[in-house]
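What follows is a short report on a single structure.
There are 2 protein chains.
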Amino acid sequence: MTTLSIDAGRLLGRLHELGKIGRDGDGRLVRLAGSDADKAGRDALVAWIRAAGLEVAIDRIGNIFGIWGTADNADEASILLGSHIDTVIDAGIYDGCYGVLSGLEVIQTLKSAGFVPARPIAVAAFTNEEGVRYAPDMMGSLVHAGGLPVEEALATLGTDGTVLGAELERIGYAGSEEPGFLRPHAYVELHIEQGPVLEREGVPIGAVENLQGISWQRVTIEGEANHAGTTPMSMRRDAGHAAARVVTFLRDRARNANTPTVATVGCMSFEPNAINVIPSRATFTVDLRDPDEGRLQAEEAALAAYLAELAATEEVTISVERLARFEPVTFDRRIVELVEEAARRRGLASKRMTSGAGHDAQMIARIAPAAMIFVPSIGGISHNPRERTPDADLVAGANILLDVVSRLAAQ
Amino acid sequence: MTTLSIDAGRLLGRLHELGKIGRDGDGRLVRLAGSDADKAGRDALVAWIRAAGLEVAIDRIGNIFGIWGTADNADEASILLGSHIDTVIDAGIYDGCYGVLSGLEVIQTLKSAGFVPARPIAVAAFTNEEGVRYAPDMMGSLVHAGGLPVEEALATLGTDGTVLGAELERIGYAGSEEPGFLRPHAYVELHIEQGPVLEREGVPIGAVENLQGISWQRVTIEGEANHAGTTPMSMRRDAGHAAARVVTFLRDRARNANTPTVATVGCMSFEPNAINVIPSRATFTVDLRDPDEGRLQAEEAALAAYLAELAATEEVTISVERLARFEPVTFDRRIVELVEEAARRRGLASKRMTSGAGHDAQMIARIAPAAMIFVPSIGGISHNPRERTPDADLVAGANILLDVVSRLAAQ
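Residue numbers (UniProt numbering), protein chains in the order written: chain L, 1 to 411; chain Y, 1 to 411.
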């Protein structure tokens, strides 16, 4: 059993260095997939991988791999660690980068300690996890898992009119390896929680046992525009009011249910959007998440039933468009138990939890046993420059990853 | 007593011609105050006024006047007719335009019939009655009545960031007359009901004896943006959900009260307006109307109390900005009786009623005896392309206006 620990200074130094790369004119961190800023971040990562003496491999979708193999274990499937280094607009420095740099740190620590792995250990930085510039998100890991043909992914048109394949060529990261070339024996992703639970409960380590399913829908309600002063309340077909009913319905249902279900209406617009005109149309989005597929389907059905009832009582027309749908993912019980055991051995409290956000791990879980390790996010803040995790928690999380990998790579 | 009648073909022809002006790419009628479309409508009106041989005068807020005066009555206060020709977004062709064109039609009819008026007769098209682009609405008539300093009105910032004064300059309708230069002896405004009452009761003429009070407010709710997947329902400060609560509160209260109170939320916007982010800010408008000032104040107080309660329970910050506030208006009994008498003489049923909409007449009522004449709106539909009044009713209403004006201008 290893008593090794990672080099805290090296890990935190790289994290802050990478966080300086890709700042815009206003000092905001913006490393969108395929951009010049992304190239600068990738170049730094590749230099660190090389300096650690690992083999660098890049596949056709631009996923970067740092591989530590030996002559003895060359034929074995790899222990794969990883996450992503692309960011949202005005991002924090931890999301994704922490997992990639910790993976590299863990391999470098084992390597220099003379650890003898039974199989190769590799770290991956997957392309376009955030999906801000190119949809869908988690694209690089989805392609690696065979869930999206690489040609289709490369042809993706960006929000700015660019094509991902051309941008990867331009920045020099359209690699030659076929996606999926690296066969994972197991996958472990270390990540900040991006939620408030661990901090609130004072638990440093989250053993992530599953990941919420996501249902995204756009709802359009059509009523009748009419004069706000002369139309009696009883004669109105108010699309805006009907939309408000849906928002309160979703909130009350999720709030009162004793389940992890979360429901969010993030986008809303009224037409004609005039102060003295009853809205003729309201358009809004519904984001439903639940770790249980049956319950997620039940929530979708409850919404559909409510919309049908509302259409009748409010005399409005309602149409629904599905924008995205991912089933919940259950992670590998054995790896989750290794995370709990490692925390115990280091005297750290841990908690089994559900990931509320999407991660590359859910894609790799399609082809290999996978799990995640979470560390606390102060105030649950993420996708925001105020995203932060205390250094001690960052170091503890990386050491738990070290312990889990040394166990997985021992046989 | 005149037995004259207006030229139905001329009136209806101009009404349809004006209704063709200001159509957008989708064929929607959009003549917002100060826009290029507004300019096109104004140009057509001014040409018709000139063709009728009337004097054209434009004041600093852009109100257009067509004045028929004689050497003998030059010192007398005028009989003023009028309304507006600006529209909402995706409007019908009758709202406002019917009153302005009927006023012109009446003057033209009397003039060519050799009628000798004891005082000047003028028709006015008041600027920005709808208030869609610039608040408050009924702005031109408010300025004419001295209720708003012209400099303040000209400095109004539009929803699109434009300034009204600059837009009036740009379209060539920043006139030189001081607002209020034309002193009304009496004011009569002919308008479509914009409500369902006259049609439902089969009465062609409404003798409008009073007008609802109007309260416009903009409410801004500040919560906290956060990740839609990782933030438990119990830890959310969702500004969008709080806004939805206000919408349903207002609707339920007005719907269940046995009063003429109407409440409308016409504008709504969320920030950051992203599908997977809990709204940090929601901004919306509240339009409250009631013919009784005491009841209107009670409704405003009830909203304020609910907002205070909501701020506490939802942990959000709520600020309210007053956009406009008009007390209910009582019109001139003598003019209302002249309308009823004229209807009797023409064998038309009439009904005393309350205006649910705001009209320029309520502003001019501050400085002169004023009243309104309503004609039926099919289905009560207004502020909508399906707004319609049968031609026979349009012609009948204009003839009632003709009779009332000939009586008022006789002494």
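Glycine included, C-beta positions come from ideal geometry on N, C-alpha and C.
- Interface annotation for the region 55-83 of chain L against chain Y: empty, criterion Cβ-Cβ distance under 9 Å.
- Chain-order list of chain Y residues neighbouring residue 270/L: 265, 266, 267, 268, 269 and 284, by C-beta distance under 9 Å.
- Residue pairing by DSSP places residue 217/Y opposite 286/Y and 322/Y in a beta bridge.
- By the neighbour-count criterion, in which 16 or more other beta carbons inside 10 Å mark a residue as buried, residue 194/L falls on the buried side.
- Counted as a single uninterrupted DSSP element, the alpha helix (DSSP H) harbouring residue 248/Y occupies residues 239-256.
- Taking residue 407/Y as reference, the option from 24/Y, 67/Y, 110/Y and 74/Y with the minimal CA-CA separation is 110/Y.
- In terms of Cα proximity to residue 209/L, the closest of 9/L, 11/L, 323/L and 365/L is 365/L.
- Residue contact check for residue 130/Y against chain L: a CB pair falls below 9 Å.
- Closest option to residue 269/L, judged by alpha-carbon separation, among 108/L, 218/L and 231/L: 218/L.
- Sequence-distant Cβ neighbours of residue 18/L in its own chain, meaning closer than 8 Å and more than five residues away, are 41, 44, 45, 85, 93, 97 and 101.
- In the same chain as residue 190/L, and ignoring 5 residues on each side of it, the C-beta atoms closer than 6 Å to its own belong to 99, 102, 373, 397 and 401, in chain order.
- At least one C-beta of chain Y is nearer than 9 Å to the C-beta of residue 194/L.
- Chain Y places no beta carbon closer than 9 Å to that of residue 365/L, leaving this residue out of the contacts.
- With respect to the C-alpha of residue 83/Y, the residue from 224/Y, 207/Y, 363/Y and 328/Y having the closest C-alpha is 363/Y.
- Under the three-state reduction of DSSP output, residue 268/Y falls in the strand class.
- From the beta-carbon of residue 247/Y, the residues of chain L found nearer than 7 Å are 240, 241 and 244.
- Among the bridge pairs identified by DSSP, residue 184/Y is matched with 78/Y.
- Residues of the region 369-401 of chain Y with a Cβ closer than 7 Å to any Cβ of chain L, in chain order: 380, 381, 382, 383 and 384.
- Contact annotation, residue 179/L with residue 61/L: C-beta distance approximately 5 Å; criterion of less than 8 Å satisfied.
- Here the alpha carbon of residue 104/L sits roughly 21 Å from the alpha carbon of residue 204/L.
- Taken in chain order, the complete alpha helix (DSSP H) segments of 4 or more residues contained in the region 87-160 of chain L are 97-112, 139-144 and 150-154.
- Around the CB of residue 319/Y, fewer than 16 other CB atoms lie within 10 Å, so the residue is classed as exposed.
- Judged by DSSP secondary structure, residue 276/Y falls outside any beta strand (DSSP E); it is assigned neither H nor E.
- From the beta-carbon of residue 221/L, no residue of chain Y is found nearer than 8 Å; the closest lies around 12 Å away.
- Here residue 317/L is bridged, per DSSP, to 222/L.
- Membership of residue 373/L in the beta strand (DSSP E) is indicated by the continuous run 370-375.
- When 186/L, 234/L and 280/L are compared, the shortest CA-CA separation from residue 222/L is found for 280/L.
- Under the Cβ distance rule, residue 280/L counts among the residues neighbouring chain Y, one pair being separated by less than 9 Å.
- Chain Y places no beta carbon closer than 9 Å to that of residue 139/L, leaving this residue out of the contacts.
- Burial is judged here by how many other beta carbons sit within 10 angstroms of a residue's own beta carbon; residue 241/L has at least 16 and is buried.
- Measuring C-alpha to C-alpha distances from residue 12/Y to each of 168/Y, 404/Y and 395/Y identifies 395/Y as the nearest.
- A check of alpha carbon separations from residue 159/Y across 273/L, 351/L and 331/L identifies 273/L as the nearest.
- By the neighbour-count definition (other C-beta atoms within 10 Å, threshold 16), residue 288/L is a buried residue.
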